[in-house]
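J.: Dropping the structure in here first, questions after.
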């Protein structure tokens, strides 16, 4: 019997090589860094990160699709070639849409406590200016209440974003019953992501302190001309943009992995609740998690979140600007302000 020679495997079967992956990483990091240097362009970076997070989750569910790009759109949509304009600018449009969608969801989840923090901060300065010392307890008390509220909300935030990214719709951010199932199945990953969020907040707290005390440890900065000071500020903004983008990239990637682990199990445990979702396609049987263990993991995550709140508070009083209460890079927009 004659055996036909096997066809040669295409290099694409093995995916891009290490050098190509490194080049892609450096290119994406450079683009993201420049975009995260400003608040408006940071929305595009947030959108790309959201689309990439959804791509990672769906890829683990077995849904093969084209990797999200910064500018170009997909070559095909539902088996049909895209038009020239959609191909040329489709990626940018999708990034803007995903960024606005993610930012809307993030603000909806975080404004309940960031507005309390902003109000407490304003009340503290107002009380100090008017010498109203008998009301001095109001500001710290309001901030403490906001910190406790943040501790309840923030541990769910990474999985909420991953669910929104995988489903690619704003309403996914508010599907509380599905999110509760994700938290139960994620287990120790919930506090791990909360600790990582605290670590992501640490560089920005350190930057606030270094900038505020620059006159002490770098006295030469006081002799800079306006042009030199502007150039230095631009370099600082770019460096903080790099930190914000890479920190958010890391957090979103790990959250996507945690979601890809928890979602199919949650869908297998409560299949009717997950009908029509991406996770339902990869659902497999799972056992119900202990409520006590789930609660203990969540308490550990809440403790880590209190550390994040302290870092934000301390950083704000070192270098205060009202918008940093609402747009802290570790929580919402990857822009250091």
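In my numbering, the protein residues as written are -10 to 326.
C-beta atoms are modelled at their ideal positions from N, C-alpha and C, and glycine is treated no differently.
(1) Is the distance from the Cβ of residue 18 to the Cβ of residue 234 below 8 Å?
(2) Would residue 148 and residue 46 be called neighbours here (beta carbons separated by less than 8 Å)?
(3) Taking the alpha-carbon of residue 157 as reference, which of 251, 38, 218 and 323 has the nearest alpha-carbon?
(4) Hey, could you find the ends of the alpha helix (DSSP H) residue 157 is sitting in?
(5) Among 259, 188 and 285, which has the Cα closest to the Cα of residue 296?
(6) By Cβ distance, which residues of its chain are closer than 7 Å to residue 144, with the 5 residues on each side in sequence left out?
(7) According to DSSP, simplified to helix, strand and coil, what is residue 63?
(8) Got a sec, what are the start and stop residues for the alpha helix (DSSP H) residue 30 sits in?
(9) Three-state secondary structure (DSSP) at residue 318?
(10) On a CA-only basis, which of 160, 165, 102 and 128 is nearest residue 140? Give me that one, please.
(11) How is residue 259 classed by DSSP in three states: helix, strand or coil?
(12) Between the C-alpha atoms of residue 215 and residue 100, what's the straight-line distance to the nearest angstrom?
(13) Is the CB-CB distance between residue 302 and residue 241 below 8 Å?
(14) Quick check on the DSSP output: the alpha helix (DSSP H) that includes residue 13 runs from which residue to which?
T.: The structure says:
(1) On the chain shown, position 29 is the one that residue 18 refers to. On the chain shown, position 245 is the one that residue 234 refers to. Cβ distance < 8 Å, so residue 18 and residue 234 count as in contact.
(2) Looking up residue 148 in the chain shown gives position 159. Looking up residue 46 in the chain shown gives position 57. Not in contact: residue 148 and residue 46 (Cβ atoms no closer than 8 Å).
(3) For the purposes of this step, residue 157 is identified with residue 168 of the chain shown, where counting begins at 1. The shortest Cα separation from residue 157 among 251, 38, 218 and 323 belongs to 38.
(4) On the chain shown, position 168 is the one that residue 157 refers to. Note, residue 157: premise wrong, no alpha helix (DSSP H); not H, not E.
(5) As a first step, residue 296 must be located in the chain shown, where it is residue number 307. Of the candidates 259, 188 and 285, the one whose C-alpha sits nearest the C-alpha of residue 296 is 188.
(6) The residue labelled residue 144 in the question sits at position 155 within the chain shown. Only 179, 183, 287, 290, 291 and 294 meet the Cβ criterion.
(7) Taking the first residue of the chain shown as position 1, residue 63 is located at position 74. It is coil, neither helix nor strand.
(8) In the chain shown, counting from the first residue as 1, residue 30 sits at position 41. Taken as a continuous stretch (DSSP letters only), the alpha helix (DSSP H) holding residue 30 covers 28 to 49.
(9) Locating residue 318 in the chain shown gives position 329, counting from the first residue. Residue 318: coil per DSSP, three-state reduction.
(10) Indexing the chain shown from 1 puts residue 140 at position 151. Of the candidates 160, 165, 102 and 128, the one whose C-alpha sits nearest the C-alpha of residue 140 is 102.
(11) Against the chain shown, residue 259 aligns to sequence position 270. If DSSP states are grouped into helix, strand and coil, residue 259 belongs with coil.
(12) By 1-based counting over the chain shown, the position of residue 215 is 226. By 1-based counting over the chain shown, the position of residue 100 is 111. If I take the Cα positions, the gap works out to 36 Å.
(13) The residue labelled residue 302 in the question sits at position 313 within the chain shown. The residue labelled residue 241 in the question sits at position 252 within the chain shown. Not closer than 8 Å, so no.
(14) As a first step, residue 13 is located in the chain shown; it is residue number 24 there, counting from the start. Run containing residue 13: 7 to 24, per the alpha helix (DSSP H) assignment.
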